[in-house]
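Novice:
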Amino acid sequence: WTVTFEQSGATLGGEIDMHDGEGTLPVEGSVDGNAIEFVFIVPDLDGDMPINLSGEIDGATIAGNEGHFVWYGSGDWIARKQ
């Protein structure tokens, strides 16, 4: 996945490309110091699936153990600036 963030104060916006051929989805979230949380909604035939991620920013890396993937459970995640 590729996420592009736009920050205005503590508010995050932007888009995510899941590289599934379906285009991009909007992202909304917030930043508080090094803490970040954001969500995007994946359309699905069984209902929209919100994907909620939260973690800590450390330089060019964001990592968290609070990734909630609706029906698929939750787990650790990591992102790196390109």
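Numbers in the working numbering are just positions in the sequence shown, counted from 1, shifted up by 340. Positions of the beta carbon are idealized from the N, C-alpha and C atoms, including for glycine.
#1: Grab the span of the beta strand (DSSP E) containing Phe378 for me, first residue to last.
#2: Could you spell out where the beta strand (DSSP E) holding Leu365 opens and where it closes?
#3: So, for Trp341: in the same chain, excluding its five sequence neighbours on each side, which residues have a beta-carbon less than 8 angstroms away from its beta-carbon?
#4: Between which two residues does the beta strand (DSSP E) holding Trp417 run?
#5: Who pairs with Ala403 in a beta bridge, going by DSSP?
#6: Look at Ile376 and Ile402 and say whether their C-beta atoms are less than 9 angstroms apart.
Specialist: Taking the structure as given:
#1: Element bounds for Phe378: 375 to 382.
#2: 364 to 372
#3: Ile356, Asp357, Met358, His359
#4: Going by DSSP, Trp417 is part of the beta strand (DSSP E) stretching over 414 to 420.
#5: Glu396, Ile418
#6: Yes. Within cutoff.
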